[in-house]
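*Asks:*
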Amino acid sequence: MNNINFNNILQWIILGLIGLIGLAIFLIVIFLTRYTGNQVPRIYLLLAIAALVIIGYGLNKLHSYVERLSVIDLTKDDSLYSGWITKKIEVKDIDIRTAPYYKEVPKSSGWRIQGLDSFSNDNGVKREKVEMNYIIYKSGKKIYRQAIGNDSDVLRFRAYLAQRTHLDLHINRNEKSDYYFDLT
Numbered sequence: 052m053n054n055i056n057f058n059n060i061l062q063w064i065i066l067g068l069i070g071l072i073g074l075a076i077f078l079i080v081i082f083l084t085r086y087t088g089n090q091v092p093r094i095y096l097l098l099a100i101a102a103l104v105i106i107g108y109g110l111n112k113l114h115s116y117v118e119r120l121s122v123i124d125l126t127k128d129d130s131l132y133s134g135w136i137t138k139k140i141e142v143k144d145i146d147i148r149t150a151p152y153y154k155e156v157p158k159s160s161g162w163r164i165q166g167l168d169s170f171s172n173d174n175g176v177k178r179e180k181v182e183m184n185y186i187i188y189k190s191g192k193k194i195y196r197q198a199i200g201n202d203s204d205v206l207r208f209r210a211y212l213a214q215r216t217h218l219d220l221h222i223n224r225n226e227k228s229d230y231y232f233d234l235t
């Protein structure tokens, strides 16, 4: 495998683009301070347009580069799963439980009203109860759980479990607290 540090390359590309954006802003400021209204100084205009074209081209290349890095073909690269243990779990051993939690949401929907609500005693927020559903599997002393969504998701998940005999639980060999249920 190549020992190329993609983070350093990405940092230099981003720093270069920020520098070009700064140069373009600097040229635009110089242009605006020296512009008398008679005729556009051609050199400043051409430099600003060239800088903007280079910035656009660099951002386009950066976008395609980041997209290529983010796409991984999992069928060809099996080394990603070499450190994982796969455990088959019977569907009857899986439990689905609901656990509520509270989140703070703004009282008002408009941003102007939210700003005025922030001066009240409760800072313009209200607590909203959210029901979260989890798959729970107990293996000895260890409990594995994964969020599956709200009530409508639970109904779909129960129908999904009715068609299955087992689920796969993948556990990281190096860090036992890193795990996930394979729900595909």
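Sequential numbering of the sequence shown, starting at 52, is according to this note's numbering. Using N, Cα and C, we set each Cβ at its ideal position, and we do this for glycine too. A quick note: this is a predicted structure, and the numbers were derived from the prediction, not measured.
L71: buried (16+ other C-beta within 10 angstroms of its C-beta) or exposed?
*Replies:* By the neighbour-count rule (16 or more Cβ atoms within 10 Å), L71 is buried.
*Asks:* With DSSP as the reference, please indicate the residues paired to F232 in a beta bridge.
*Replies:* Looking at the DSSP assignment, F232 forms a beta bridge with L220.
*Asks:* For A75 and A101, I'd like the C-alpha separation in whole angstroms.
*Replies:* If I take the Cα positions, the gap works out to 9 angstroms.
*Asks:* For the candidate residues I79, D204, V80, I187, whose alpha-carbon lies nearest to that of Q197?
*Replies:* Considering only alpha carbons, the answer is I187.
*Asks:* List the whole-angstrom C-beta distance separating K154 from E179, where the pair is believed to meet the contact cut-off of C-beta under 8 angstroms.
*Replies:* With 8 angstroms as the limit, K154 and E179 qualify as a contact, their Cβ atoms being about 6 angstroms apart.
*Asks:* Within 8 angstroms, do at least three Cβ pairs link the segment 138-147 to the segment 188-195?
*Replies:* Yes: at least three Cβ pairs fall under 8 angstroms.
*Asks:* Out of Y152, R215, G134, V156, which one is the CA nearest neighbour of K227?
*Replies:* Nearest of Y152, R215, G134, V156 to K227, Cα basis: G134.
*Asks:* In terms of alpha-carbon separation, which member of L110, I140, R93 lies closest to L68?
*Replies:* The residue with the shortest Cα to Cα distance from L68 is L110.
*Asks:* Determine whether the beta carbon atoms of A99 and L78 lie at a separation below 8 angstroms.
*Replies:* The answer is yes: Cβ separation under 8 angstroms.
*Asks:* Over the uninterrupted beta strand (DSSP E) stretch that includes S133, give me the two end residues.
*Replies:* Neither: S133 is in no beta strand (DSSP E) and is coded neither H nor E.
*Asks:* Considering only their Cβ atoms, is the gap separating Y185 from A150 smaller than 8 angstroms?
*Replies:* Contact flag set, yes.
*Asks:* State the beta-bridge partners of Y188 as determined by DSSP.
*Replies:* DSSP output for Y188 lists Y195 as bridge partner(s).
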